[in-house]
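These protein sequences, in sequence, are chains R and C.
Counting in my numbering, the first sequence runs from 0 upward without gaps.
Counting in my numbering, the second sequence runs from 162 upward without gaps.
Even for Gly, the Cβ is constructed at its ideal location relative to N, Cα and C.
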Amino acid sequence: MNDHGARVSGFDPATFVVIRNSLYAAAEEMKIVLAKTAYSPILKVAGDYSCGIFDAKGRMVAQGPDLPIHLGSMPDAVRAVVTAHDDIVDGDVFIHNDPYFGGSHLPDVNVVTPAFHGDELIGFACVRAHWPDVGGATPGSYGAVTEIYGEGLRLPPVRLHSAGVPNRDIDAVIFANVRTPEERRGDLGAQVAANRRAVQRLRALVDRYGLETIRNAMAEVMDYSERMMRTLLARLPDGESRFEDFCDGDGIIEEGDDEDRPFTIRLRVSKRGDSITADFTGTDPQVSGPMNAPLSVTASGVYCALKTIIDPGGLAPPNSGCWRAITVTAPEGCVLNTTFPSPVVYANHEISHRVCDMTFGAVAAFWPDNVMACSQGTSAIITFGGADPRTGRRYVSYETIKGGLGARPGKDGINAVASGISNTMNTPIEILEMSFPVRVEEYALTPDSGGAGTWRGGLAAQRIWRVLDHRSRASSCLERTRSAPFGLHGGHAGQAARIWAEDAEGQVRRAPGKGGFDVPAGGRIHLHVPGSGGYGPPERRDRAALRDDLLDGYVTPQRARSDYGVADPEALMRDEPGAAD
Amino acid sequence: MQQTTEDTISSTGSPGGVRIGVDVGGTFTDVAVIDETGGAITVTKVSSTPDDFGRGVIEALGQALERSSVPPDAVTLLAHATTVVTNAILQEKGARIGLVTTRGFRDLLELRRSARADLYDLFQDGPSILAPRRWRMEITERIGADGTVITPLAEDEIDGLVEDLRASRVEAVAVTLLFSFLNDDHERRLGARLRAALPDVPVFLSSEVLPEIREFERTSTTAVCAYVAPILNRYLARLKTAVREMGLPVPYIMGSGGGVFEIEESLAMPALSAESGPAAGVIAAALAGTQIGRPDLVSFDMGGTTAKASLIRNGTVETTPEYEVGGSASGKRWLYGAGHPIRVPVIDLAEISAGGGSIAWVDPAGALRVGPQSAGAEPGPVCYGRGGTEPTVTDANLLLGRLDADSLLGGELPIDYERARAAMEDRVAGPLGLTMDDAAAAVIRVVNNAMAEALRIVSVERGHDARDFTLFCFGGAGPLHAAALAEELDIAEVIAPPAPGAFSALGLVASDIRRDYGRTFFSVVDDTDPAALEAVYRQMEDEARLMLARTGIAPSAWEFARTADLRYIRQAYELTVDAPGAIDTGGLASLARGFHERHAQTYGHANSGERVQIVTLRLAATARLPVLDLTRPRGDVGTGRSLKSQRQAWFADTGRVATPVHDRARIAPGTLVAGPAIIESLDSTIVIPPSWQATPDDGGFVTMTRSATGDPR
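Put into structure tokens, the structure is as follows:
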């Protein structure tokens with residue numbers, strides 16, 4: 000098992016494990032404090048945030064059981080503070096969100112708190128939380144704009160508290176620039192409280208073990224994760240392959256075009272020994288709309304896929320050390336390594352979803368048993384904003400709808416569950432409707448949306464919203480309306496996404512896959528998110544499993560015929576001998 | 162293997178009513194027989210019979226009656242903690258159920274909350290689905306977010322629905338319509354028609370089971386009820402007949418929230434009994450703690466595969482309104498795993514997969530791990546010699562001299578020391594380059610740290626200073642580890658009850674009759690009409706009185722405790738606050754005040770300017786039974802000369818040191834046993850480290866404190 004004779008160095012084995020577990024427990028505890036005290040549904044019930052414990056240099060030592068989307072970019076959040084300030088004192092609290100300086104996209108607001116023991120800096124706590132709104136032209140800050148200036152309030156690392164004293168000036172600037180400031184204030188309070196809890200735990204650890212021991216343990220925890228990843232990686236065969244996929248577009252219709260223009264991403268993965276490289280050379284240049292990713296966002300997607308492939312048992316605790324065995328490169332100025340002041344808001348999830356799925360697709364050539372077919376591949380975001388006619392108050396609602404998890408060798412995908420870099424929850428319909436002036440008229444699985452295969456892809460969900468008694472400003476952010484989620488090794492693609500609107504009279508209207516649009520009172524939005532890809536040729540699907548699919552309506556008789564080659568699906572449902580062929 | 166142990170705790174019996182508690186666990190079925198007036202307690206342990214748990218229960222009851230020489234007609238209360246509900250879900254052996262929802266929402270149960278249980282597990286399974294899609298049906302209707310009817314109930318669709326349910330041959334039906342917690346008219350009308358048309362099929366309505374907001378959690382709770390109801394029904398019917406044949410009274414069922422209730426209540430709401438066994442142990446700890454003058458406890462229950470921690474404050478057990486049944490046991494603080502959420506009051510337990518059977522191993526990057534794999538009861542630890550090859554926590558305790566190297570369980574279980582040593586050498590000491598002692602000690606430290614985390618979850622994380630509490634340890638392995646855990650949390654006092662291995666069963670006989678009720682009452686405190694709120698409490702009390710009247714217990718022993726779940730208007734999670742007395746305007750203000758205080762205590766900050774929202778009103782209705790004395794002086798107290806041997810045990814501060822071993826039954830009350838020392842009894846071993854001392858009292862409780870070398874705090 001321990002094939003490299005690897006050892007934990009500098010510690011007796013128990014002390015190391017005990018401190019490591021305590022650091023991760025602290026990150027987990029932050030998560031609880033945040034969820035239970037935050038105000039906006041996206042944080043309190045959907046869980047769109049990440050918590051981490053960092054060392055004094057800003058390296059991430061422990062990430063909570065949070066969103067993989069932040070794996071690559073969280074360390075930059077604390078490094079940005081360390082870089083910008085050399086006069087950090089106990090009681091300071093920093094806030095920032097600039098994707099060009101340690102952030103991921105503007106709605107992800109980082110709160111960073113140093114932990115001191117006496118005069119000595121132990122490390123930092125950081126909560127990155129998605130605010131449903133950070134200003135900009137569209138409620139939800141999800142507009143299709145062409146510069147980051149249009150995406151909302153941009154905060155470089157500044158002090159929210161100085162030596163324990165709240166900084167009223169910066170507070171005033173922030174809350175003058177966001178919609179529904181009361182709610183944001185509650186969220187910010189929850190972030191500060193979560194960090195405070197982590198700081199208390201770090202101090203208690205130093206009280207108990209001494210500063211030197213804790214510092215050394217932090218370093219060793221990262222070395223340990225690196226060692227684990229390299230050991231596991233070395234056990235897998237070497238290989239090299241390429242994979243190409245395209246995105247629907249960036250939400251901006253260029254002059255002379257009728258519709259959004261697709262762009263292409265190219266990936267070459269090569270694995271040798273105990274390291275692996277993902278190289279995106281050949282990818283299209285950055286685009287006008289907010290589909291541009293900082294390199295750290297691109298890296299998050301690659302890391303997420305490789306963590307799942309290399310360490311499916313979850314042996315390596317997620318931290319900065321995990322990624323030392325992985326190199327991610329993309330030419331500067333391409334859509335995966337964008338330059339200021341390109342807009343970025345969609346790319347944070349849409350591009351990291353994409354490169355995550357593509358990484359699975361690429362390594363499938365040499366690790367066919369360790370991959371999954373393409374998952375839903377989009378966060379499928381719908382925002383609503385306006386004034387609630389019931390109260391007159393402004394509101395912003397932000398939801399993400401789930402497609403499926405891709406099929407795997409030996410297992411079907413999973414229906415309508417968060418996949419890849421995401422793990423947010425849906426907002427309960429009853430809470431949504433009591434909070435916002437909309438009504439959900441359908442929330443259901445989409446038959447036939449899972450890609451056919453020996454192992455079927457997970458089904459997508461579909462949802463219908465009706466806007467009640469007011470005109471709402473909606474926006475969407477959706478991928479894979481044209482590039483359907485791919486299957487692997489003979490499995491078919493999942494169903495592509497669709498979105499359309501209706502006015503109160505039932506007249507169907509186009510709705511953009513990306514960008515803002517108005518919905519009149521009584522109007523509806525229909526969203527079908529993408530299903531996920533299948534694995535292996537469909538004709539080899541177990542007929543008993545297919546029969547269950549038919550009985551449960553996951554697969555319709557028509558598609559059982561066309562995709563799976565079943566001559567008489569009705570007979571199969573009645574379980575008649577010979578009906579399966 | 163049929164294994165029986167018996168431990169008589171007190172023999173100062175006198176005539177009077179007798180109560181019997183039966184606790185069915187995965188490995189053992191424990192029966193506690195206690196004399197109401199005299200306090201004589203007999204505990205009988207019999208192997209469980211998982212193929213048909215009822216068989217083991219009847220067997221154990223028969224043995225217990227025989228051993229305690231109690232005539233069946235002297236038994237006034239028979240209380241039962243069952244694993245039938247949990248097992249049906251874990252093994253996916255529940256009933257074939259139909260689900261009826263609002264049109265457009267039949268997939269609610271499968272769509273869940275859309276988070277996956279494990280972030281990076283490539284081959285994870287989706288959660289199990291209690292009602293497959295083919296048996297999920299819809300009806301046209303819709304209630305709006307303000308409780309008004311948007312679309313009337315399509316009565317003309319009901320006949321077709323009944324046909325479909327019949328054709329599906331479902332054994333039970335769950336009905337969840339959107340916003341039925343605000344307006345249950347549609348659900349009630351639909352339910353009445355279904356019940357009339359399908360008289361043999363139990364129909365569960367979400368507005369009856371759980372009239373609370375959040376459609377998935379409500380649907381899940383209702384579906385769990387339907388899924389287990391037929392099985393629970395069959396099991397309890399058989400049990401009822403069998404105990405009647407023995408001349409025993411009709412059993413009461415232990416609820417997950419503490420307290421027992423009638424079989425009819427259990428069948429009306431099967432989800433209430435999901436965690437009844439663990440609840441019993443905490444109830445017993447709370448009662449014992451109060452009686453020995455320690456009302457503030459952290460209870461710690463460690464067995465072969467899991468460890469559970471719970472907080473008892475001022476003699477009161479804390480409950481939590483959310484729980485997931487059928488998920489993997491873990492110390493994860495984050496809900497939404499692979500199990501099925503049920504929103505009923507459950508005793509607030511932190512449970513982790515760590516126990517005597519947890520396996521120690523070295524991972525590929527060279528770090529020591531303990532668990533989550535467990536050797537379980539079979540094959541068990543290496544030293545049991547039943548085929549186990551991987552070293553466990555029990556093996557580590559043995560190698561460190563904490564457990565008897567010759568035999569356990571009073572000689573019934575021979576020990577293979579050499580095999581345990583070899584396994585620890587091969588799997589842990591060798592790969593880590595450690596001596597045997599250091600390797601075994603490291604295993605113990607790692608598992609202690611994991612268990613300390615469970616203790617932290619229920620204390621420090623809930624805003625309590627663990628140092629203000631006494632650690633109360635039970636379960637077969639609890640007293641082995643308790644002193645070390647107390648050191649981790651800076652707790653100064655540890656108490657082990659008599660017969661820790663079967664202590665949970667005492668909770669069954671010590672429980673009052675209790676049932677919890679809840680109603681969503683969605684209203685901002687400042688805008689609330691106190692009379693409307695009072696009316697809802699009264700309504701729940703009326704329902705409770707009917708239940709209590711059926712018990713035959715005098716109304717003078719009835720108690721109603723009101724609480725309310727509150728939150729800041731925009732939050733998603735509530736905190737439960739006491740709502741004593743009739744509610745008037747002043748009562749509302751004190752409710753809000755109580756919430757601000759609880760929020761500050763729990764999360765470190767409060768927002769007194771913010772509006773407070775009432776979400777759920779709760780009522781606990783209790784019929785108090787005469788209080789049992791768990792601390793009666795023992796008739797057979799030791800007379801001294803308890804030292805039975807000495808062995809070289811290992812401790813962190815001293816390494817190997819000559820350690821006296823005492824026979825618990827022979828230690829005279831009040832004797833001060835200075836650490837290092839070991840106290841052995843039939844079903845448990847108490848380890849007293851060098852800087853600790855222990856004293857048994859005349860009721861058989863052993864109190865450990867840190868020796869007077871400075872303030873332990």
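Original post:
Can residue 645 of chain C and residue 512 of chain C be called in contact, C-beta distance under 8 Å?
Top reply: no
Subject >> Cut-off 6 Å between Cβ atoms - residues of its own chain near residue 744 of chain C, not counting five sequence neighbours on either side >> reply: 691, 694 and 695
Original post:
Going by Cα to Cα distance, which pick from C:658, C:649 and C:234 is closest to residue 633 of chain C?
Top reply: C:658
Subject >> Contact list for residue 628 of chain C against chain R, beta-carbon separation under 8 Å >> reply: Within chain R, no residue comes near residue 628 of chain C; the closest Cβ sits about 12 Å away, beyond 8 Å.
Subject >> Closest residue to residue 763 of chain C among R:192, R:89 and R:60 (Cα-Cα distance) >> reply: R:192
**OP:** Return helix, strand or coil for residue 554 of chain R, following the three-state DSSP convention.
**Re:** coil
Original post:
In this structure, does DSSP put residue 18 of chain R in helix, strand or coil?
Top reply: helix
**OP:** Name the two residues that bound the continuous alpha helix (DSSP H) containing residue 252 of chain C.
**Re:** Taken as a continuous stretch (DSSP letters only), residue 252 of chain C belongs to no alpha helix (DSSP H), as it is neither H nor E.
**OP:** Figure out for me which residue from C:196, C:229 and C:183 has the closest Cα to the Cα of residue 215 of chain C.
**Re:** C:183
Original post:
Per the contact definition of three or more C-beta pairs closer than 8 Å, is the segment 431 to 450 of chain R in contact with the segment 400 to 417 of chain R?
Top reply: yes
Original post:
Nearest chain C C-beta to residue 165 of chain R closer than 8 Å, yes or no?
Top reply: no
Original post:
Mind pulling the chain R residues with CB within less than 8 Å of residue 583 of chain C?
Top reply: Result: empty, since nearest Cβ-Cβ is about 17 Å, beyond 8 Å.
Subject >> Unbroken alpha helix (DSSP H) run spanning residue 415 of chain C, endpoints >> reply: Careful: residue 415 of chain C lies outside any alpha helix (DSSP H), inside the beta strand (DSSP E) at 413 to 415.
**OP:** Pair every Cβ in the segment 100 to 113 of chain R with every Cβ in the segment 384 to 394 of chain R, then say whether three or more of these pairs are closer than 8 Å.
**Re:** no
**OP:** Compute the Euclidean distance between the alpha carbons of residue 637 of chain C and residue 662 of chain C, then round it to the nearest angstrom.
**Re:** 4 Å
**OP:** Identify, in the order they occur along the chain, each residue of the same chain with its Cβ nearer than 6 Å to the Cβ of residue 371 of chain C, setting aside the five sequence neighbours on each side.
**Re:** 379, 382 and 504
Original post:
To which residues of the same chain is residue 530 of chain C closer than 8 Å at the C-beta, ignoring the five residues directly before and after it?
Top reply: 521, 522, 523, 524 and 607
**OP:** May I ask you to report which of helix, strand or coil DSSP gives residue 386 of chain C?
**Re:** helix
Original post:
Considering only residues of the same chain and omitting the five flanking positions on each side of residue 382 of chain R, which have a CB-CB separation below 7 Å?
Top reply: 138, 139, 141, 395, 396, 397, 473 and 474
**OP:** Under 8 Å between beta-carbons, which chain C residues line up against residue 6 of chain R? List them in chain order, please.
**Re:** 527, 593 and 594
Subject >> Within-8 Å CB hit, residue 610 of chain C to chain R >> reply: yes
**OP:** Quick one: grab the DSSP three-state call for residue 664 of chain C.
**Re:** helix
**OP:** Have a look at the DSSP bridge pairing and note the partners of residue 726 of chain C.
**Re:** C:737 and C:777
Original post:
By the 10 Å Cβ neighbour count, where 16 or more other Cβ atoms means buried, how is residue 787 of chain C classified, buried or exposed?
Top reply: exposed
Original post:
Does the Cβ of residue 356 of chain R lie closer than 7 Å to at least one heavy atom of the ligand GTP?
Top reply: Because no ligand of any kind appears in the structure shown, any question about the ligand GTP cannot be addressed here.
**OP:** Reducing DSSP to helix, strand and coil, say where residue 137 of chain R ends up.
**Re:** coil
Original post:
Whose C-alpha, out of C:315, C:362 and C:360, is nearest the C-alpha of residue 350 of chain C?
Top reply: C:315
Original post:
Any idea if residue 244 of chain R is buried or exposed, counting beta-carbon neighbours within 10 angstroms, 16 or more meaning buried?
Top reply: buried
Subject >> Exposure of residue 837 of chain C, with buried meaning 16 or more beta-carbon neighbours within 10 Å >> reply: buried
Subject >> Enclosing beta strand (DSSP E) for residue 648 of chain C [first to last residue] >> reply: From DSSP, residue 648 of chain C is part of no beta strand (DSSP E) but of the alpha helix (DSSP H) over 639 to 650.
**OP:** Would you kindly report the start and end of the unbroken alpha helix (DSSP H) that includes residue 625 of chain C?
**Re:** No alpha helix (DSSP H) contains residue 625 of chain C, which DSSP labels as neither H nor E.
**OP:** Check the Cβ of residue 433 of chain R against every Cβ in chain C and list those closer than 8 Å, keeping chain order.
**Re:** 306, 374 and 683
Subject >> Counterpart residues of residue 588 of chain R in DSSP-defined beta bridges >> reply: What is shown of chain R runs 0 to 580, which leaves residue 588 of chain R out entirely.
**OP:** Report the residue from R:113, R:100, R:23 and R:30 whose alpha carbon sits nearest the alpha carbon of residue 56 of chain R.
**Re:** R:113
**OP:** Kindly indicate which three-state DSSP category residue 398 of chain C falls into: helix, strand or coil?
**Re:** helix
Original post:
Name the chain R residues whose beta carbon is nearer than 8 Å to that of residue 732 of chain C?
Top reply: 35, 36, 37, 38, 43 and 185
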